[in-house]
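With our numbering applied, the sequence shown has no gaps in its numbers, which climb one by one up to 603 at the end. I have placed the structure first, in the form of structure tokens, so that the comments after it can refer back to it.
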Amino acid sequence: MADRQGWSPTRRQAVGAAGAALLAARLPAQPAAGDVSRLRALLDASAASDALRQAVSEKPRATPFMDPLADAYRAALLADRERDHAALAAIRRNGLPVADRIAYDVFAYQTDRTLAFLRSGAFDTAARAPLDPSFGLHLEFPDFVLTSAPFAALQDYEAGLVRLVGFAGYLQTTVVQLKRGVAAGQVQPRIIVTNVLSQVDAVLATPIEQSPFYAAVTRMPPAISEGDRVRLEASYRQVITDRIYPGYALWKSYLSDDYLPRTGEAVGRSAMKGGAALYAAELERHTTTTASPDAIHRLGLSEVQRIHHEMEDAKTSIGFNGDLAAFFVFVRTDPRFYCKTPEELLGRFATIEAKIWRSIPQLFARRPKAPFSVQPLPALGAQRGTGYYRPGPPDGRTPGVLFFNMAMLGTRPIPTLETLTLHEGIPGHHFQITLARENEKLPQLLRFSDEGFTAYTEGWALYCESMGRELGMYGDPYQWFGHLDMEMLRAVRLVVDTGLHAQGWERQQAIAYMLANTSMAPHDVTVEVDRYIAAPGQACAYKMGELKIRGLRDRSTAALGGRFAVRDFHDQVIGTGALPLQVLEDKIVGWIAAGGGPDNSGF
Numbered sequence: 001m002a003d004r005q006g007w008s009p010t011r012r013q014a015v016g017a018a019g020a021a022l023l024a025a026r027l028p029a030q031p032a033a034g035d036v037s038r039l040r041a042l043l044d045a046s047a048a049s050d051a052l053r054q055a056v057s058e059k060p061r062a063t064p065f066m067d068p069l070a071d072a073y074r075a076a077l078l079a080d081r082e083r084d085h086a087a088l089a090a091i092r093r094n095g096l097p098v099a100d101r102i103a104y105d106v107f108a109y110q111t112d113r114t115l116a117f118l119r120s121g122a123f124d125t126a127a128r129a130p131l132d133p134s135f136g137l138h139l140e141f142p143d144f145v146l147t148s149a150p151f152a153a154l155q156d157y158e159a160g161l162v163r164l165v166g167f168a169g170y171l172q173t174t175v176v177q178l179k180r181g182v183a184a185g186q187v188q189p190r191i192i193v194t195n196v197l198s199q200v201d202a203v204l205a206t207p208i209e210q211s212p213f214y215a216a217v218t219r220m221p222p223a224i225s226e227g228d229r230v231r232l233e234a235s236y237r238q239v240i241t242d243r244i245y246p247g248y249a250l251w252k253s254y255l256s257d258d259y260l261p262r263t264g265e266a267v268g269r270s271a272m273k274g275g276a277a278l279y280a281a282e283l284e285r286h287t288t289t290t291a292s293p294d295a296i297h298r299l300g301l302s303e304v305q306r307i308h309h310e311m312e313d314a315k316t317s318i319g320f321n322g323d324l325a326a327f328f329v330f331v332r333t334d335p336r337f338y339c340k341t342p343e344e345l346l347g348r349f350a351t352i353e354a355k356i357w358r359s360i361p362q363l364f365a366r367r368p369k370a371p372f373s374v375q376p377l378p379a380l381g382a383q384r385g386t387g388y389y390r391p392g393p394p395d396g397r398t399p400g401v402l403f404f405n406m407a408m409l410g411t412r413p414i415p416t417l418e419t420l421t422l423h424e425g426i427p428g429h430h431f432q433i434t435l436a437r438e439n440e441k442l443p444q445l446l447r448f449s450d451e452g453f454t455a456y457t458e459g460w461a462l463y464c465e466s467m468g469r470e471l472g473m474y475g476d477p478y479q480w481f482g483h484l485d486m487e488m489l490r491a492v493r494l495v496v497d498t499g500l501h502a503q504g505w506e507r508q509q510a511i512a513y514m515l516a517n518t519s520m521a522p523h524d525v526t527v528e529v530d531r532y533i534a535a536p537g538q539a540c541a542y543k544m545g546e547l548k549i550r551g552l553r554d555r556s557t558a559a560l561g562g563r564f565a566v567r568d569f570h571d572q573v574i575g576t577g578a579l580p581l582q583v584l585e586d587k588i589v590g591w592i593a594a595g596g597g598p599d600n601s602g603f
């Protein structure tokens, strides 16, 4: 999944399990009778407060868009987390039911680390460096409006108009924060600015009638009266014309004339004032560990070496005459490895999905009610990565969607499609996210925790790739090599991300390293590296999470012996939503101590 979780103050900041353990140690051994209800009430109240701050949300609400870069946002977040911390300290953890105990630990983890992120100054440093050509709100918001925002009734269109006005304010506030960054000596790299400017140009070149912001106006439901249609059409057009497009134009003029001349070629966090501390916080948030950049870098080098050996074996089994570098060129350039039309590509995805479903019951006791589908990436495909998964609402009917980049089909290799489907769809993101969302017995915090813990969500999806052969996939030697190629990408990320942000690597050095170790097309490598520059730490989460889950499976197998059942293990891993890695480990250790077996907890 080209994760949509690069740093954004619209998402609760992930944090450390040590805080939960320390907090629990201070509490009496037995909970009061009302502790479960008090915990649930606290979680619900906190979630409702968070929802008021979400820039993109499918949940109905009466409040307007809250600008995630506004000072009021920061103040509200700090006040909420201080209140949450005090309320949680009054609830006794020991003796809570299993799901609530896990929810308690997750909430304590989030609360403590969000407070640390705010109080350390890292939050403010990040806010003053808000440009992100991979996951920025200037891209995500129009994607959301086009594909996921509710537009079923008159009130949805009224709320949509309020959202547009709020987003227009965000475009203005971004420039305010960039100016603060300049004053503080915190200026983002030139490549980020030039990439964002290209995206801004693409938006401004789009006629208003064809823009994502206007799309809902063209498909108003019949129940909306003619008078309301005329009024809404005029109002949407006015906001887009007078507020949103001028907001993008402000970005263009400020970035081009004032900001860009101040930028430099250095691309890492370490080159920015306060950047080293921010990068440490970003690594901790995404990996939910305290591993240092150097330790992660060394782990990446080790994984790259291991996968290289497997690639060599795969190349030999194919019978290719030449070294691995030549084989990479062969896969990049031979037309047989690329679809000619989007329809052909979608057809291949459908065939792969059907094949995976046949073997799912061997490894999983449950499957989501909601279907899975693949659709074209909504906008600006030529300037973006491979794609991303987006779950539907938890209604059991609306599909979870892999929005796949159909631009430049000559860079979308067929040998990686089985791996992509396992990762983004079944049993990857679609199972992990949708099963939790469909489980109404879980606390809300766990049902919708997928946006908070990158190492878990991406680690699970990468782990699912490794189960391909167990699911009857990778029978074709090229698909097996494609799997290794994708795994190599995640290993390379550990090296490149830490190289860029902690070891002074240059952009071209990172591009060269990726080209030397994967078969990715040069364009895609460049997009990937620019993503790591813009969203530090996020790319390290995949391998860190996958290695933890794989290690826990090995540990469970060794400890339980003949009592180990992989279906039960998978239920334990994904049965309570996304978790910090330490909380996940504690859960699995408890399951092993109880003798393994199926989940009989009732949730």
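Using N, Cα and C, we set each Cβ at its ideal position, and we do this for glycine too. Values in this document were obtained by computation on a predicted structure and should not be read as measured data.
Residue from the options whose Cα sits closest to the Cα of residue i
i: residue 599; options: 567, 318 and 420; result: 567
i: residue 222; options: 444, 429, 154 and 126; result: 154
i: residue 579; options: 250, 554, 545 and 597; result: 545
i: residue 243; options: 177, 290, 161 and 293; result: 161
i: residue 334; options: 434, 415 and 505; result: 415
i: residue 208; options: 235, 229 and 362; result: 235
i: residue 549; options: 464, 486 and 560; result: 464
i: residue 325; options: 516, 343 and 122; result: 516
i: residue 432; options: 454, 188 and 417; result: 454
i: residue 469; options: 482, 101 and 562; result: 482
i: residue 391; options: 365, 422, 423 and 429; result: 429
i: residue 135; options: 52, 195 and 190; result: 195
i: residue 224; options: 151, 583 and 368; result: 151
i: residue 282; options: 50, 120, 459 and 98; result: 120
i: residue 570; options: 427, 443, 442 and 475; result: 427
i: residue 508; options: 331, 532, 486 and 488; result: 532
i: residue 362; options: 480, 349, 467 and 342; result: 467
i: residue 340; options: 412, 315 and 275; result: 412
i: residue 348; options: 597, 419, 322 and 38; result: 419
i: residue 35; options: 82, 54, 48 and 94; result: 94
Contact under 7 angstroms by Cβ, residue i with residue j
i: residue 307; j: residue 471; result: no
i: residue 128; j: residue 186; result: yes
i: residue 346; j: residue 304; result: no
i: residue 137; j: residue 239; result: no
i: residue 613; j: residue 438; result: Residue 613 cannot be examined here, being either before or after the span of the chain that is shown, 1 to 603.
i: residue 67; j: residue 174; result: no
i: residue 107; j: residue 560; result: no
i: residue 370; j: residue 396; result: yes
i: residue 118; j: residue 78; result: yes
i: residue 84; j: residue 111; result: yes
i: residue 65; j: residue 166; result: yes
Beta strand (DSSP E) segment containing residue i, residue limits
i: residue 402; result: 400 to 404
i: residue 537; result: It is not in any beta strand (DSSP E) - residue 537 carries neither H nor E in the DSSP assignment.
Neighbourhood of residue i by C-beta distance below 6 angstroms, restricted to the same chain and skipping five residues each side
i: residue 296; result: 494, 498 and 540
i: residue 197; result: 255
i: residue 478; result: 415
i: residue 123; result: 117
i: residue 143; result: 378
i: residue 206; result: none
i: residue 456; result: 545, 578 and 579
Terminal residues of the alpha helix (DSSP H) in which residue i lies
i: residue 330; result: 324 to 333
i: residue 390; result: Note, residue 390: premise wrong, no alpha helix (DSSP H); beta strand (DSSP E) at 387 to 390.
i: residue 519; result: Run containing residue 519: none; DSSP gives neither H nor E here.
i: residue 193; result: 190 to 204
i: residue 144; result: 137 to 147
i: residue 225; result: No alpha helix (DSSP H) contains residue 225, which DSSP labels as neither H nor E.
i: residue 573; result: 566 to 574
i: residue 374; result: Premise fails: residue 374 lies in the beta strand (DSSP E), 372 to 376, not in any alpha helix (DSSP H).
i: residue 488; result: 477 to 502
i: residue 319; result: Where residue 319 is concerned, there is no enclosing alpha helix (DSSP H), given that its DSSP letter is neither H nor E.
Cβ shell of residue i (< 7 angstroms), same chain only, five flanking positions each side left out
i: residue 526; result: 511
i: residue 203; result: 248
i: residue 192; result: 131, 133, 533 and 534
Residue i Cβ short of 6 angstroms to the ligand FAD heavy atom set
i: residue 394; result: The model depicted lacks the ligand FAD and carries no ligand whatsoever.
Within-7 angstroms CB hit, residue i to chain D
i: residue 426; result: As a matter of chain content, chain D is missing from the structure shown, which is built from one protein chain.
Anticipated Cβ contact below 8 angstroms, residue i with residue j, distance rounded
i: residue 537; j: residue 279; result: 7 angstroms
i: residue 42; j: residue 76; result: So it is not a contact: roughly 17 angstroms between Cβ atoms.
i: residue 133; j: residue 199; result: 6 angstroms
i: residue 250; j: residue 352; result: That pair is no contact at about 44 angstroms.
Same chain, Cβ closer than 8 angstroms to residue i, five either side skipped, listed in chain order
i: residue 381; result: Confidence at residue 381 is low in this model, with a pLDDT of 47, below 50, so the placement of that residue should be treated as unreliable; the coordinate-derived value is given next. Once the five neighbours on either side are set aside, the close Cβ partners of residue 381 are 405, 406, 407 and 408.
i: residue 587; result: 102, 572, 576 and 579
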